[in-house]
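> If you scroll down you'll find the structure; I have some questions about it.
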Amino acid sequence: MELAIFLVSLFLLLFLGIPICLVLVLCSVVLMYHSGMWDSMIIPQAMLDGANNYPLMAIPFFVFAGEIMAVGGLSERVVRLAQLLIGRVRGGLGYAAVVSSVIFAGLMGSSVGEAAALGGLLLPMMAQVGYKPGRAGGVIASGAILGPIIPPSTNFILLGTTVSLSITKLFMIGLIPGLLIGLALLCVWFVIVRVDGYNDRVVFTRQESVRILMDALPAFMMPVLLLGGIRFGFFTPTEGGAFAAVYAIVVCTLYYRELSFRELLRACARAARTTSVVMLIVATATAVGWFITAAQIPMQMASFFEPLIDKPVLLLLAINVFLFAAGMVMDLTPNVLIFAPVFYPLIQQAGIDPYYFGLLFILNLGLGVITPPVGTVLYVICGIGNMGIGRLIRGLLPFLLVEVLILFLLLFFPSLSLVPLKWLM
């Protein structure tokens, strides 16, 4: 009964257009009233406990580093590096968009930030060489889901904090599948180039190539140093976030010299606003999580899926169908905070590797940012490219289908992610 009340109140309030933070507080009030535990201090105390968490300090650091890189000259240099690596191939701008998405994912860890940065740079260039607007927007939007998968991912940080998993292991299990998705997107673009008839190429002289490599080297080295430092124990993921922020400031102010003091202050303000939104969602989701646990909703969910406990593949398939539907109507962050505590006890009962499920969990919900009606990346691309969402979805569809196929491959063949994790750890 409590499970039905929670889900009905959650989705009903969302469909009414109420902001997610207020929705989570109201769901807490509904569960409090239903359970008879009427105490006005439970919700604020749970919110305070949820936000007062050391690993979550990594989030403002990574958000701040991403803002610095967006305004400090790294974005343009990453795109130029991608063009140098693969731009000379027919349809080079599309290939460069995918390669840039992979590199950006290792720099920013945010799908929306990645889509905004790459869309602002590449969409005008793609329009100049005759790309269809929907197709150009589709390849950029599809690459944006790599942000939550390839480390450093703020969503893996939230997941690890919520269900007490090693953030370092979550980072490592996302690396190879993220690169696999990038490779699949390149294959899709190979077919699209021939179907749509694109012929653009980008060729650089040797002198230009050397200059691009030297310019892009500091940006390219950041994810290498960050992941290496976390993997070999030089710093924790939280300390890695601080390292990323300091590294971005030093590179953009002293090496590129494109970050003024005024821009630095503006980046600080934007990072503070983004962090405050995320942390408010974390706090309110912790409150509703307290009542979810008190109402024994995870146990009710376990009994609902109990016939599938002995069939892990079918269990994962059923959960992923539910998560895909949830991702279409709610953003990634609240989905992680609400449903991770609900499903993880069930996963433990079924004997499924928690890090493997974490990868499927984040990848599945990450697809939600490019699926209507609440696909945040879709609206970012539509705003930048001045195009209708229907045109964008039609151009995006081949990429989305391939990404769903990769999700199913990972679901049916766990070794694709677990074997590389053993190598990396």
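Okay, so the sequence shown: first residue is 70 according to this note's numbering, each after it adds one.
Heads up, the beta-carbon is just placed ideally off N, CA and C, and yes, glycines get one too.
(1) Rounded to whole angstroms, what's the CA-CA distance from ARG339 to GLU136? Just pull it up for me.
(2) So, for VAL471: in the same chain, excluding its five sequence neighbours on each side, which residues have a beta-carbon less than 6 Å away from its beta-carbon?
(3) Along the alpha helix (DSSP H) that carries ALA314, what are the first and last residues, could you check?
(4) I'd like the span of the alpha helix (DSSP H) that includes VAL390, first residue to last.
(5) Tell me the rounded alpha-carbon separation between ALA419 and PRO292.
(6) Thinking PHE406 and LEU227 are a contact (beta carbons under 8 Å), I'd like their distance in whole angstroms, please.
(7) Can you round the beta-carbon distance between ILE242 and TYR413 to whole angstroms, since I take them to be within the 8 Å contact cut?
(8) Would you say PHE130 and ALA313 are within 8 Å of each other, going by their C-beta atoms?
(9) Please classify MET116 as buried or exposed, where buried requires at least 16 neighbouring CB atoms within 10 angstroms.
(10) My parser needs the alpha helix (DSSP H) runs of 4 or more residues fully inside the segment 179-263; what are they?
(11) Can you tell me where the alpha helix (DSSP H) holding MET348 begins and where it ends?
(12) Report yes if the CB atom of VAL148 is closer than 8 Å to the CB atom of LEU191, and no otherwise.
(13) Can you say whether PHE495 is buried or exposed, counting buried as having 16 or more other CB atoms within 10 angstroms of its CB?
(14) Going by C-alpha to C-alpha distance, which of MET368, PHE391 and GLY358 sits closest to VAL94?
(15) Just to confirm my understanding: we take ASP269, look at its own chain, exclude 5 residues before and 5 after, and list those with CB closer than 7 Å. What are they?
(16) Do you know how far the Cα of ALA151 is from the Cα of PRO287?
(17) Would you check if the distance between the CB atom of GLY309 and the CB atom of ILE299 is smaller than 8 Å?
(18) So ILE229 and LEU465 are supposed to be a Cβ contact under 8 Å. How far apart are they, rounded?
(19) Roughly how many whole angstroms lie between the Cα atoms of CYS238 and PHE80?
(20) Looking only at C-alpha atoms, which of GLY427, LEU485 and GLN365 sits nearest to GLY100?
(21) Smallest Cα separation from SER180: which of PHE225, PRO193, ILE111 and MET195?
(22) Can you tell me whether LEU493 is helix, strand or coil according to DSSP?
(23) Would a C-beta distance cut-off of 8 Å place LEU436 and LEU447 closer than the cut-off?
(24) Is the beta carbon of GLY142 sitting closer than 8 Å to the one on TYR325?
(25) When the distance is taken between beta carbons, is ASN389 closer than 8 Å to LEU480?
(26) Measure the C-alpha to C-alpha separation of GLN114 and ASP265 and round it to an integer number of angstroms.
(27) So, using beta-carbon positions, are ASP119 and THR344 closer together than 8 Å?
(28) Would LEU487 pass as a contact of LEU478 if the rule is Cβ separation under 8 Å?
(29) Have a look at LEU83 and MET399 and give me their C-alpha separation to the nearest angstrom.
(30) Could you tell me the alpha carbon to alpha carbon distance between SER372 and LEU415, rounded to whole angstroms?
(31) Let me know if LEU490 comes out buried or exposed under the rule of 16 or more other beta-carbons within 10 Å of its beta-carbon.
(32) Rounded to whole angstroms, what's the CA-CA distance from GLY297 to THR223? Just pull it up for me.
(33) Can you tell which of PHE482, LEU493, PRO467 and ALA352 has its C-alpha closest to the C-alpha of ILE261?
(34) Report yes if the C-beta distance between ILE209 and ILE439 is below 8 Å; otherwise report no.
(35) Whole angstroms is fine: what's the gap from ARG463's alpha carbon to SER235's?
Per the coordinate set shown:
(1) In the sequence shown, residue 339 corresponds to position 270, counting from 1. In the sequence shown, residue 136 corresponds to position 67, counting from 1. ARG339 and GLU136 have their alpha carbons spaced roughly 7 Å apart.
(2) Reading the sequence shown from its first residue, position 402 is the one you call residue 471. Close CB contacts of VAL471 within its chain, under the 6 Å cut and outside five residues either way in sequence, are with ALA253 and VAL257 (chain order).
(3) Numbered from its first residue, the sequence shown carries residue 314 at position 245. Segment 306-319, the alpha helix (DSSP H) holding ALA314.
(4) Here residue 390 corresponds to residue number 321 of the sequence shown, with the count starting at 1. In the DSSP annotation of this structure, the continuous segment of the alpha helix (DSSP H) that includes VAL390 starts and ends at 381-398.
(5) By 1-based counting over the sequence shown, the position of residue 419 is 350. By 1-based counting over the sequence shown, the position of residue 292 is 223. ALA419 and PRO292: Cα-Cα distance of roughly 35 Å.
(6) Position 337 of the sequence shown holds residue 406. Position 158 of the sequence shown holds residue 227. According to the sequence shown, residue 406 is Leu rather than Phe. Cβ atoms of LEU406 and LEU227 come within 8 Å of each other, at about 6 Å.
(7) Working through the sequence shown from its first residue, we reach residue 242 at position 173. Working through the sequence shown from its first residue, we reach residue 413 at position 344. Contact doesn't hold; Cβ gap of about 15 Å is too wide.
(8) The count along the sequence shown starts at 1 and reaches residue 130 at position 61. The count along the sequence shown starts at 1 and reaches residue 313 at position 244. Yes; because the gap between Cβ atoms is below 8 Å, this pair is in contact.
(9) Counting from 1 along the sequence shown, the entry for residue 116 is found at position 47. Result: buried.
(10) Runs of the alpha helix (DSSP H) inside the segment 179-263: 180-197, 202-213 and 223-232.
(11) Walking along the sequence shown from the start, residue 348 turns up at place 279. Counting along the chain, the alpha helix (DSSP H) containing MET348 begins and ends at 330-363.
(12) Locating residue 148 in the sequence shown gives position 79, where the first residue counts as 1. Locating residue 191 in the sequence shown gives position 122, where the first residue counts as 1. Inclusion of VAL148 and LEU191 in the CB contact set at 8 Å is warranted, their separation being smaller than that value.
(13) In the structure as shown, the chain starts at 70 and stops at 494, and residue 495 therefore has no counterpart that could be examined.
(14) Numbered from 1 along the sequence shown, position 25 holds the residue referred to as residue 94. Among MET368, PHE391 and GLY358, the Cα nearest to that of VAL94 is on GLY358.
(15) The residue you call residue 269 lines up with position 200 of the sequence shown. Take ASP269, set aside five residues on each side of it, and the residues of its chain with a beta-carbon closer than 7 Å to its own are GLY160, GLY161, LEU162 and VAL198, in chain order.
(16) On the sequence shown, residue 287 is found 218 positions in, with the first residue counted as 1. On the sequence shown, residue 151 is found 82 positions in, with the first residue counted as 1. If you take the alpha carbons of PRO287 and ALA151, they lie about 14 Å apart.
(17) Reading the sequence shown from its first residue, position 240 is the one you call residue 309. Reading the sequence shown from its first residue, position 230 is the one you call residue 299. A contact, by the Cβ cut-off of 8 Å.
(18) Here residue 229 refers to the residue found at position 160 when the sequence shown is read from its first residue. Here residue 465 refers to the residue found at position 396 when the sequence shown is read from its first residue. In the sequence on display, residue 229 carries Gly and not Ile. Your pair GLY229 and LEU465 does not check out as a contact, with CB atoms roughly 30 Å apart and the cut at 8 Å.
(19) The count along the sequence shown starts at 1 and reaches residue 238 at position 169. The count along the sequence shown starts at 1 and reaches residue 80 at position 11. Looking at the sequence shown, residue 238 is not Cys but Lys. Cα to Cα, LYS238 sits roughly 32 Å from PHE80.
(20) Residue 100 sits at position 31 when you count from the first residue of the sequence shown. Looking at the sequence provided, one finds Leu at residue 100 rather than Gly. With distances taken between CA atoms, LEU100 lies nearest to GLN365 out of GLY427, LEU485 and GLN365.
(21) Here residue 180 refers to the residue found at position 111 when the sequence shown is read from its first residue. Ranked by Cα distance from SER180, the options PHE225, PRO193, ILE111 and MET195 are led by PHE225.
(22) Counted from its first residue, the sequence shown places residue 493 at position 424. In the structure shown, LEU493 sits in a helix (DSSP, three-state: H, G or I).
(23) Here residue 436 corresponds to residue number 367 of the sequence shown, with the count starting at 1. Here residue 447 corresponds to residue number 378 of the sequence shown, with the count starting at 1. The answer is no: Cβ separation not under 8 Å.
(24) Numbered from 1 along the sequence shown, position 73 holds the residue referred to as residue 142. Numbered from 1 along the sequence shown, position 256 holds the residue referred to as residue 325. Cβ atoms of GLY142 and TYR325: closer than 8 Å.
(25) Mapped onto the sequence shown, residue 480 falls at position 411. Mapped onto the sequence shown, residue 389 falls at position 320. Remark: C-beta atoms of LEU480 and ASN389 approach each other more closely than 8 Å.
(26) One-based indexing of the sequence shown puts residue 114 at position 45. One-based indexing of the sequence shown puts residue 265 at position 196. Taking the straight line joining both Cα atoms gives about 57 Å.
(27) Here residue 119 refers to the residue found at position 50 when the sequence shown is read from its first residue. Here residue 344 refers to the residue found at position 275 when the sequence shown is read from its first residue. Here residue 119 turns out to be Gly, not Asp, going by the sequence shown. Inclusion of GLY119 and THR344 in the CB contact set at 8 Å is not warranted, their separation being larger than that value.
(28) As a working mapping, residue 487 is identified with position 418 in the sequence shown. As a working mapping, residue 478 is identified with position 409 in the sequence shown. In this structure, LEU478 does not lie closer than 8 Å to LEU487 by Cβ.
(29) The residue given as residue 83 occupies position 14 in the sequence shown. The residue given as residue 399 occupies position 330 in the sequence shown. C-alpha separation (whole angstroms): 8 Å.
(30) In the sequence shown, residue 372 corresponds to position 303, counting from 1. In the sequence shown, residue 415 corresponds to position 346, counting from 1. Using only the alpha carbons, I get a separation of about 9 Å.
(31) Within the sequence shown, numbered from 1, the residue matching residue 490 stands at position 421. Taking every protein chain shown into account, the CB of LEU490 has 16 or more other CB atoms within 10 angstroms, so this residue is buried.
(32) For this step, residue 297 is matched to residue 228 along the sequence shown. For this step, residue 223 is matched to residue 154 along the sequence shown. Rounded to whole angstroms, the gap between the alpha carbons of GLY297 and THR223 is 18 Å.
(33) To locate residue 261, count along the sequence shown from 1; it is residue 192. Answer by Cα proximity: PRO467.
(34) Counting from 1 along the sequence shown, the entry for residue 209 is found at position 140. Counting from 1 along the sequence shown, the entry for residue 439 is found at position 370. Cβ atoms of ILE209 and ILE439: not closer than 8 Å.
(35) Counting from one through the sequence shown, the residue named residue 463 turns up at place 394. Counting from one through the sequence shown, the residue named residue 235 turns up at place 166. Their backbone Cα atoms lie some 39 Å apart in a straight line.
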